[in-house]
Amino acid sequence: MPQAEGVPTATVVEPTFRDAERQAAFERDGVFVTPVLEPGEAAALRQAIVDILPTSPWDFIDLLRNNPPTLRKQVGALVREALEPKVAAWFVDHDFWAASILAKPPGPGGIIHLHTDWTFVDERRYRTGLVWVALDDMTLRNGAIVVAPGTNRLDPGFRGQGIHYPYSDPAVRQAIDDRSVLLDVPAGQAVVWEHRLLHGSNENTTDDLRLAVGLAFRPRGAQLLHYRLMPDGQAHRYRVDPEFLTHYDAFTEVEELTGPHLAEDGVHPMPTWAPTPDDLRGLGPVHPIHGAAAAVAPPRHRRFRRRSRRG
11 MPQAEGVPTA TVVEPTFRDA ERQAAFERDG VFVTPVLEPG EAAALRQAIV
61 DILPTSPWDF IDLLRNNPPT LRKQVGALVR EALEPKVAAW FVDHDFWAAS
111 ILAKPPGPGG IIHLHTDWTF VDERRYRTGL VWVALDDMTL RNGAIVVAPG
161 TNRLDPGFRG QGIHYPYSDP AVRQAIDDRS VLLDVPAGQA VVWEHRLLHG
211 SNENTTDDLR LAVGLAFRPR GAQLLHYRLM PDGQAHRYRV DPEFLTHYDA
261 FTEVEELTGP HLAEDGVHPM PTWAPTPDDL RGLGPVHPIH GAAAAVAPPR
311 HRRFRRRSRR G
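In terms of the working numbering, the sequence shown is residues 11 to 321.
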């Protein structure tokens, strides 16, 4: 049976983290901050990644953008080797299915507007997220992460390439702005967020590359899913394996998705639910982010984009 997407639902899922305070922050805020790498470890990983980055100009690199399969594999191996031994013990029976860089060069091309990440599992049963680790000191000037705590508790339905983006109403955007905070984190610290959380980052106004890495987690054994709006105007769901994202081109129009790492899993009604300002206010007050230094209000320009994409 297809999920009744697009309708807010109350779900009970198994814990993600062994530590009770981290788990509480993950459920309530969708985000927390914690140390992962020593400064020397962060610097060594940064240099290893810089050594293999493209020499041609680009505006942002993440798992899917400006990141050919060969680079995805090279970077993934470096990130997994550095992070998995450090973070595996945090989790209750989870594994890691993707690893990548998030590289922001100077200039406006690297702006990542507030968005949610795609749906990767059946969220009636499971939660997924990202361990995002700074390899530079992250500040307002170089494009530190902006989060809207608690927006992980909104449920606009499944998310994917070209799928319904429910945050277009100006009053809703204002309500999200009112609860958004910017996280200054030093190199080696992690910002851990749930994929349903609204997050983004502003322009890197320095002269230097801003570099972070990410490790995606899921409950062990949870089937990976991918939703995409296809040319027939409908949302198609696919069952995929981790290798799928090593080769996937998300931003090229295709008539159909085929390949050894996916299987079509039906056509699903497009989500239509969108939050109201009252829904945002109903999330309650914004609490201090667990593990973070004092968060600050970010600049209000360029928070949103017209359509959502992963980043």
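Built from N, CA and C at the ideal position, the CB exists for glycine as well. Computed from a predicted structure; not experimentally measured.
Anticipated Cβ contact below 8 Å, residue i with residue j, distance rounded
i       : j       : result
Phe-4   : Phe-27  : Residue numbering for the chain in the displayed model covers 11 to 321; residue 4 lies beyond these limits and cannot be assessed.
Pro-260 : Gln-171 : Looking at the sequence itself, residue 260 is Ala, so the reference to Pro does not match. That pair is a contact at about 5 Å.
Val-223 : Leu-55  : 7 Å
Ala-158 : Arg-137 : Incorrect: roughly 17 Å between the Cβ atoms, too far for contact.
Trp-128 : Ala-226 : That pair is no contact at about 11 Å.
Gly-139 : Glu-204 : 5 Å
Gly-160 : Asp-39  : 6 Å
Val-89  : Ser-66  : Between Ser-66 and Val-89 the Cβ distance is about 22 Å, and since that is not below 8 Å, they are no contact.
Proximal residues to residue i (C-beta, below 8 Å), its chain only, five neighbours per side dropped
i       : result
Leu-150 : Leu-192, Asp-194, Asn-212, Val-306, Pro-308, Pro-309
Ile-155 : Trp-142, Met-148, Leu-192, Leu-193, Val-195, Val-201, His-209, Gly-210, Ser-211
Trp-291 : The sequence given here has Arg at residue 291, not Trp. The answer, listed in chain order, is Ala-185.
Val-60  : Leu-219, Leu-221
Ala-326 : Since the first and last residues shown for the chain are 11 and 321, residue 326 lies out of range.
Gln-233 : Val-131, Asp-132, Arg-249
Alpha-carbon spacing of residue i relative to residue j, whole angstroms
i       : j       : result
Lys-83  : Thr-256 : 7 Å
Phe-168 : Tyr-248 : 12 Å
Glu-253 : Leu-73  : 12 Å
His-123 : Glu-24  : 31 Å
Leu-112 : Glu-266 : 28 Å
Pro-64  : Leu-293 : 42 Å
Ala-87  : Pro-287 : 43 Å
Pro-229 : Pro-49  : 30 Å
Asp-103 : His-236 : 22 Å
Pro-241 : Ala-30  : 45 Å
Pro-281 : Asp-105 : 29 Å
Val-264 : Leu-239 : 10 Å
Ala-58  : Asp-179 : 43 Å
Thr-262 : His-174 : 18 Å
Thr-78  : Pro-118 : One point to set straight first is that residue 78 is Pro, not Thr, in the sequence displayed. Whole-angstrom Cα-Cα distance: 22 Å.
Pro-95  : Arg-32  : 18 Å
Asp-251 : Leu-93  : 21 Å
Ala-273 : Glu-37  : 31 Å
Tyr-258 : Ile-71  : 15 Å
Cut-off 6 Å between Cβ atoms - residues of its own chain near residue i, not counting five sequence neighbours on either side
i       : result
Asn-76  : Trp-68
Val-97  : Val-141
Pro-285 : Leu-164, Val-182
Arg-206 : Thr-126, Asn-162
Asn-214 : Lys-114, Pro-116, Gly-120, Asn-152, Gly-153, Arg-220
Leu-47  : Gly-198
Val-296 : Pro-159, Arg-189
Ile-62  : Gln-84
Cβ shell of residue i (< 7 Å), same chain only, five flanking positions each side left out
i       : result
Leu-52  : It is Ala, not Leu, that sits at residue 52 in the sequence shown. If we look at Ala-52 and ignore the five residues flanking it on each side, its Cβ neighbours are Leu-145, Ala-197, Gly-198.
Met-11  : At Met-11 the pLDDT is 32, less than 50, meaning the model places this residue with poor confidence and gives no usable figure here.
Pro-45  : Gly-198, Gln-199
Gly-301 : Phe-42, Val-43, Thr-44
Pro-270 : none
Asp-289 : Leu-164
Asp-217 : Pro-116
Min CB distance residue i to chain E below 8 Å
i       : result
Leu-235 : Protein chain content of the structure displayed is limited to a single chain, and chain E is not contained in it.
Practice task
Examine the Cβ distances between the segment 234-249 and the segment 268-281 and report whether three or more of them are shorter than 8 Å.
Solution key: yes
Problem - Sequence ranges, beta strand (DSSP E) only - wholly within the segment 129-176, length at least 3 - result: 139-144, 155-157
Problem - Those runs of the beta strand (DSSP E) which lie wholly inside the segment 29-80 and span at least 3 residues - result: 41-45
Practice task
Counting only runs of 3+ residues fully inside the segment 241-289, write out the beta strand (DSSP E) ranges in chain order.
Solution key: 245-250, 272-278
Problem - Length-filtered (4 minimum) alpha helix (DSSP H) runs lying within the segment 174-206 - result: 180-188
Problem - Every unbroken beta strand (DSSP E) within the segment 206-231, with a cutoff of 3 residues, ordered by chain - result: 209-211, 220-229
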